[in-house]
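Engineer: Shown below is the structure under consideration.
Number of protein chains: 2
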Amino acid sequence: MKQKRPSIKDIAKALNVSITTISFVLNGKGEERKISKEVIKKIEDYVEEINYTPNQVAQSLRTGESKILVFMVEDISNSFFANIARAIEDIAYKKGYKVLFCSNENNDKRSRELIRVFSERLVDGFIIIPSAGIRKEIEKLIKIGIPVVLGDRYFEDLPTHYVVIDNFQAAKAATQHLINNDFEKIAFITIETPQNQMTDRFKGYSQAIDDAGLESIVLKLPFETINKKEGITSIKTLLLKNNIDAVFFSTNYLTQFAFEIIKKINPDLVYNLGIITFDDNEFFKINNPSITAVAQPIEQIAKELMDIMFKILKSKDKNIPLIQKTLEASLQIRDSSKKLSTKNEA
Amino acid sequence: MKQKRPSIKDIAKALNVSITTISFVLNGKGEERKISKEVIKKIEDYVEEINYTPNQVAQSLRTGESKILVFMVEDISNSFFANIARAIEDIAYKKGYKVLFCSNENNDKRSRELIRVFSERLVDGFIIIPSAGIRKEIEKLIKIGIPVVLGDRYFEDLPTHYVVIDNFQAAKAATQHLINNDFEKIAFITIETPQNQMTDRFKGYSQAIDDAGLESIVLKLPFETINKKEGITSIKTLLLKNNIDAVFFSTNYLTQFAFEIIKKINPDLVYNLGIITFDDNEFFKINNPSITAVAQPIEQIAKELMDIMFKILKSKDKNIPLIQKTLEASLQIRDSSKKLSTKNEA
DNA sequence: CTAATTTAGTAAAACGTTTTACTAAATTCC
DNA sequence: GGAATTTAGTAAAACGTTTTACTAAATTAG
């Protein structure tokens with residue numbers, strides 16, 4: 182049943198002109214190439230009439246451009262990434278690009294596999310939230326000349342374009358906010374990883390804690406233990422034994438994970454503890470209590486990532502100077518970071 | 182700097198065999214085509230050595246297959262769709278396919294634009310959550326022989342493959358659950374649309390209400406009024422003036438929207454009202470009160486959608502009989518659907 | 001020992017574009 | 001009025017595969 186789409190050749194035959202002429206006209210080079218008004222009109226009308234659109238695969242083969250970008254994230258179902266994805270999609274489509282999303286599960290093996298699949302010259306550029314161990318693969322992509330922009334984190338010793346936020350400041354400010362609200366035993370729950378988005382958040386927390394002369398209470402969970410028994414035990418222990426009065430979660434899925442646990446062991450805890458989480462979310466707003474969160478500027482992140490990408494794409498082979506953006510996050514102050522005495526007033 | 186990737190031609194030159202031979206070997210047709218063991222080995226080793234991978238664009242041009250599928254949803258940042266997307270991605274990559282995600286905003290114009298962009302034979306198949314008015318475009322895709330599977334909803338008068346859930350039963354059961362828990366003035370808040378996923382939910386609600394001899398209280402919000410003043414006013418009016426004791430939301434973003442309003446006008450309302458929402462979500466679990474939700478079987482939906490897609494793809498041009506699946510949703514019973522007296526016990 | 005068959009490949013066309021290099025006719029220049 | 005230039009195009013190569021149709025040499029059949 183599959184009926185053949187018309188090609189330039191068909192148009193050429195129908196109108197009795199060469200395919201070259203048609204190609205020139207279609208690419209807006211008609212005047213430049215001194216094609217007569219009548220011929221241009223004739224071609225344009227016919228193209229309109231038969232509803233011809235060029236075969237993009239053939240175009241890609243010839244030009245080497247696919248107009249497809251890859252956006253590789255940890256997990257596309259995570260709201261933080263899904264929202265960036267949505268914003269990126271909008272920008273890309275406006276410029277005639279499509280976006281392939283893929284999730285690397287913050288897993289090196291999977292990341293490598295995905296990069297391998299895509300680097301087969303199917304793709305014009307990569308926007309990557311890298312997992313910890315794919316420095317080499319990123320380096321290779323860059324070396325063979327494929328545009329790459331990193332997001333959320335980067336490799337200290339690899340010069341790449343990137344867009345991140347000032348995690349240190351954001352974490353410090355958030356911790357200070359808790360301190361200012363008279364919390365004194367503030368725990369920091371984070372993921373065990375060498376990646377700088379996390380280590381910077383840890384440093385921000387530590388700095389604020391040290392400055393205030395408070396006790397540092399830190400739980401670093403291995404990624405694999407999340408939603409597993411091991412993780413549950415660690416969190417339970419921390420929450421119950423340390424007599425803490427506040428918790429700062431370094432990322433949204435940790436918050437989610439911990440809340441489920443809290444819900445089970447002692448629902449009131451969520452009111453009694455001061456709580457701040459990294460990464461904001463519609464649900465933190467409507468939760469009871471509403472959750473104070475470090476909100477990353479999603480739209481702006483997406484815009485900067487794409488700006489850089491398009492700059493690289495436009496520059497073709499000329500190497501452009503590195504663009505490295507650090508944006509500011511904002512603290513969305515809500516009920517969960519108030520001291521208990523005042524918390525239930527609202 | 183862009184260094185050229187090796188092509189079959191380069192291999193041919195290096196090994197002094199024809200490109201035909203190499204192509205046969207690479208496609209596993211070596212034995213069949215009587216290529217000698219030694220030559221096969223030689224080619225395979227060299228390919229391994231230089232790390233050659235075929236240019237997919239050229240393959241696509243020649244074979245007409247791109248190994249790319251499109252998954253078009255309302256909004257990829259909505260957790261329901263993001264989760265299906267994640268599941269689809271996994272299945273697709275396992276079979277060597279990639280997935281382009283795009284958001285149509287439940288908007289016909291945008292849907293048409295997206296279909297136009299993709300139907301230029303870049304894409305092997307479409308999985309679509311259709312907006313209300315693109316019946317014709319879907320029909321056209323099918324007519325020109327591109328595989329299409331619809332999800333979440335379908336067009337009553339257009340025979341297509343689809344995967345949906347039994348919205349009528351799910352909504353009826355949810356409403357009955359509220360009734361069984363002694364709620365008597367149960368409102369149904371939904372989107373004004375002719376699409377059957379929504380009308381079926383409405384019918385399910387109505388049936389249960391009628392069966393119980395209760396009063397039907399319905400608010401149908403136009404899609405555009407969500408997160409707008411108009412929508413806020415409508416919801417406020419309903420919540421405050423009607424003396425209702427329970428609400429059933431027909432979709433997750435309505436719940437979110439209403440919760441923000443409730444939070445502002447009267448935070449206690451969230452405890453006083455019986456609440457059920459369509460579409461489950463991690464946050465409903467940890468919310469205070471936890472929210473009773475109709476959970477769609479995300480994984481199963483994704484699996485069925487892809488099963489159908491691969492069946493169509495495998496069948497090539499032979500028309501296969503329509504596959505239309507209706508799956509069951511499950512009611513996740515939590516605190517929000519308990520009567521106030523019992524609600525705060527937990 | 002010749003004809004038929006099998007083995008082990010290869011040449012070339014095709015997919016649908018873009019682009020470089022060419023040309024024949026018309027026009028301009030001096 | 002002949003050379004130079006401009007106009008209005010076109011032919012053909014190239015992008016990197018897959019696949020059909022072919023072939024020369026080796027083997028088998030009778």
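Going line by line, the protein sequences match chains A and B. FYI, my numbering numbers position 61 of the first sequence as 242, with every residue one higher than the one before it. FYI, my numbering numbers position 31 of the second sequence as 212, with every residue one higher than the one before it. We treat Cβ as the ideally placed atom computed from N, Cα and C, and that holds for glycine.
Starting from residue 278/B, trace the alpha helix (DSSP H) both ways and give me its first and last residue.
Structural biologist: Against the second sequence, residue 278/B aligns to sequence position 97. Unbroken run through residue 278/B: none, as it is neither H nor E.
Engineer: So which of 402/B, 371/B, 386/B has the shortest CA-CA distance to residue 395/B?
Structural biologist: As a first step, residue 395/B is located in the second sequence; it is residue number 214 there, counting from the start. For residue 395/B, the nearest C-alpha among the options comes from 386/B.
Engineer: If the cut-off is 8 Å on Cβ atoms, which residues from the stretch 350 to 383 of chain B count as contacting chain A, listed in chain order?
Structural biologist: From the stretch 350 to 383 of chain B, no residue has a Cβ closer than 8 Å to chain A.
Engineer: Please list the segments of the alpha helix (DSSP H) lying wholly inside the stretch 325 to 390 of chain B, counting only runs of 4 or more residues, in order along the chain.
Structural biologist: Counting only runs of 4 or more, we get 348 to 361.
Engineer: So, residue 473/B versus residue 431/B, is the Cβ gap smaller than 8 Å?
Structural biologist: Along the second sequence, one-based indexing puts residue 473/B at 292. Along the second sequence, one-based indexing puts residue 431/B at 250. Taking 8 Å as the Cβ cut-off, residue 473/B and residue 431/B do not qualify as a contacting pair.
Engineer: Distance cutoff 8 Å, beta carbons only. Does residue 451/B sit that close to anything in chain A?
Structural biologist: For the purposes of this step, residue 451/B is taken as residue 270 along the second sequence, with counting starting at 1. Yes, residue 451/B lies at the interface with chain A (some Cβ there is under 8 Å from its Cβ).
Engineer: Counting only the same chain and skipping the five closest in sequence on each side, list residues whose C-beta sits under 7 Å from that of residue 403/B.
Structural biologist: Residue mapping note: residue 403/B aligns to position 222 of the second sequence, counting from 1. Here the set comprises 373.
Engineer: Kindly confirm or deny that the stretch 421 to 436 of chain B and the stretch 361 to 375 of chain B touch, where touching means at least three C-beta pairs closer than 8 Å.
Structural biologist: Yes, the stretch 421 to 436 of chain B touches the stretch 361 to 375 of chain B.
Engineer: Are the beta-carbon atoms of residue 512/A and residue 354/A separated by less than 8 Å?
Structural biologist: Working through the first sequence from its first residue, we reach residue 512/A at position 331. Working through the first sequence from its first residue, we reach residue 354/A at position 173. Taking 8 Å as the Cβ cut-off, residue 512/A and residue 354/A qualify as a contacting pair.
Engineer: Under the three-state reduction of DSSP, which class applies to residue 481/B: helix, strand or coil?
Structural biologist: As a first step, residue 481/B is located in the second sequence; it is residue number 300 there, counting from the start. Helix.
Engineer: Alpha carbons only, please: which of 510/B, 462/B, 438/B, 467/B is nearest the one belonging to residue 405/B?
Structural biologist: Counted from its first residue, the second sequence places residue 405/B at position 224. The candidate whose alpha carbon is nearest that of residue 405/B is 438/B.
Engineer: Please report the straight-line C-alpha distance between residue 231/B and residue 190/B, rounded to a whole angstrom.
Structural biologist: Within the second sequence, numbered from 1, the residue matching residue 231/B stands at position 50. Within the second sequence, numbered from 1, the residue matching residue 190/B stands at position 9. Their Cα atoms are separated by approximately 13 Å.
Engineer: Taking the alpha carbon of residue 391/B as the reference point, which residue from 458/B, 356/B, 460/B has its own alpha carbon closest?
Structural biologist: Stepping through the second sequence from its first residue, residue 391/B is reached at position 210. Checked all of 458/B, 356/B, 460/B; the closest Cα to residue 391/B is 356/B.
Engineer: If we define contact as Cβ-Cβ less than 8 Å, is residue 512/A a contact residue for chain B?
Structural biologist: Numbered from 1 along the first sequence, position 331 holds the residue referred to as residue 512/A. Not an interface residue.
Engineer: When you check each C-beta in the stretch 430 to 446 of chain A against every C-beta of chain B, which residues fall closer than 7 Å?
Structural biologist: Within the stretch 430 to 446 of chain A, the residues whose Cβ lies closer than 7 Å to some Cβ of chain B are 437, 440, 441, 444, listed in chain order.
Engineer: Using a 10 Å radius around the Cβ and a threshold of 16 neighbouring Cβ atoms, would you call residue 211/A buried or exposed?
Structural biologist: If you number the first sequence from 1, residue 211/A lands on position 30. It counts as buried.
Engineer: Curious, which full-length alpha helix (DSSP H) runs of at least 4 residues does the stretch 391 to 432 of chain A contain?
Structural biologist: With a minimum length of 4 residues, the continuous alpha helix (DSSP H) runs that stay inside the stretch 391 to 432 of chain A are 410 to 422.
Engineer: Do you know offhand how far residue 281/B's Cα is from residue 289/A's?
Structural biologist: For the purposes of this step, residue 281/B is identified with residue 100 of the second sequence, where counting begins at 1. For the purposes of this step, residue 289/A is identified with residue 108 of the first sequence, where counting begins at 1. Straight-line Cα distance between these residues: approximately 22 Å.
Engineer: By Cβ distance below 6 Å, which residues in the same chain neighbour residue 318/B in space, the five residues on each side in sequence not counted?
Structural biologist: In the second sequence, the residue the question calls residue 318/B occupies position 137. 293, 296, listed in sequence order.
Engineer: Cα separation between residue 235/B and residue 241/B?
Structural biologist: Translated into the one-based positions of the second sequence, residue 235/B becomes position 54. Translated into the one-based positions of the second sequence, residue 241/B becomes position 60. Distance between the alpha carbons of residue 235/B and residue 241/B: 11 Å.
Engineer: Closer than 8 Å by C-beta to residue 199/B: which residues in its own chain qualify, once you throw out the five before and the five after it? Chain order, please.
Structural biologist: If you number the second sequence from 1, residue 199/B lands on position 18. Here the set comprises 193.
Engineer: Could you work out which residue in 309/A, 399/A, 409/A is closest to residue 489/A when comparing CA atoms only?
Structural biologist: Taking the first sequence and counting its residues from 1, the one referred to as residue 489/A is at position 308. Nearest option by C-alpha distance: 309/A.
Engineer: The beta strand (DSSP E) that contains residue 303/B, what's its start and end?
Structural biologist: One-based indexing of the second sequence puts residue 303/B at position 122. From DSSP, residue 303/B is part of no beta strand (DSSP E); its letter is neither H nor E.
Engineer: Using the DSSP secondary-structure output, state which residues sit across from residue 458/A in a beta bridge.
Structural biologist: To locate residue 458/A, count along the first sequence from 1; it is residue 277. Paired residues: 430/A, 474/A.
Engineer: Please identify, using Cβ separations under 9 Å, the residues of the stretch 458 to 471 of chain B that lie next to chain A, in order along the chain.
Structural biologist: The residues in question are 462, 463, 464, 465, 466, 467, 468, 469, 470, 471.
Engineer: Could you tell me how far apart the beta carbons of residue 325/A and residue 477/A are, in whole angstroms, since I believe they sit closer than 8 Å?
Structural biologist: Here residue 325/A refers to the residue found at position 144 when the first sequence is read from its first residue. Here residue 477/A refers to the residue found at position 296 when the first sequence is read from its first residue. At roughly 31 Å, the Cβ-Cβ gap does not stay under 8 Å, so residue 325/A and residue 477/A are not in contact.
Engineer: Looking at the secondary structure, which residues open and close the alpha helix (DSSP H) in which residue 244/B lies?
Structural biologist: Here the question's residue 244/B lines up with position 63 in the second sequence. Note, residue 244/B: alpha helix (DSSP H), 237 to 244.
Engineer: Short check: CB of residue 298/B to CB of residue 249/B, under 8 Å?
Structural biologist: Working through the second sequence from its first residue, we reach residue 298/B at position 117. Working through the second sequence from its first residue, we reach residue 249/B at position 68. Contact: no.
Engineer: Nearest-angstrom Cα distance between residue 339/B and residue 475/B?
Structural biologist: Working through the second sequence from its first residue, we reach residue 339/B at position 158. Working through the second sequence from its first residue, we reach residue 475/B at position 294. Roughly 28 Å separates the two Cα atoms.
Engineer: Just confirm the distance between the C-beta atoms of residue 398/B and residue 416/B, as a whole number of angstroms; I'd bet it's less than 8 Å.
Structural biologist: Here residue 398/B corresponds to residue number 217 of the second sequence, with the count starting at 1. Here residue 416/B corresponds to residue number 235 of the second sequence, with the count starting at 1. About 13 Å separates the two Cβ atoms, so there is no contact after all.
Engineer: Based on DSSP bridge pairs, tell me the residues matched to residue 487/B.
Structural biologist: For the purposes of this step, residue 487/B is taken as residue 306 along the second sequence, with counting starting at 1. Bridge partners of residue 487/B: none, in fact.
Engineer: So that I know if they touch, is there some Cβ in chain B lying closer than 8 Å to that of residue 239/A?
Structural biologist: Here the question's residue 239/A lines up with position 58 in the first sequence. Yes, residue 239/A lies at the interface with chain B (some Cβ there is under 8 Å from its Cβ).
Engineer: Buried or exposed: which applies to residue 516/A, given that a residue is buried once 16 or more other Cβ atoms fall within 10 Å of its Cβ?
Structural biologist: Taking the first sequence and counting its residues from 1, the one referred to as residue 516/A is at position 335. Buried.
Engineer: I need the DSSP call for residue 450/A, collapsed to helix, strand or coil.
Structural biologist: Residue 450/A sits at position 269 when you count from the first residue of the first sequence. It is helical.
Engineer: Interface residues of chain B around residue 247/A at Cβ under 8 Å?
Structural biologist: Reading the first sequence from its first residue, position 66 is the one you call residue 247/A. Neighbours of residue 247/A on chain B, chain order: 238.
Engineer: Can you name the start and end residues of the alpha helix (DSSP H) that residue 204/B belongs to?
Structural biologist: Here residue 204/B refers to the residue found at position 23 when the second sequence is read from its first residue. Per DSSP, residue 204/B belongs to the alpha helix (DSSP H) from 200 to 207.
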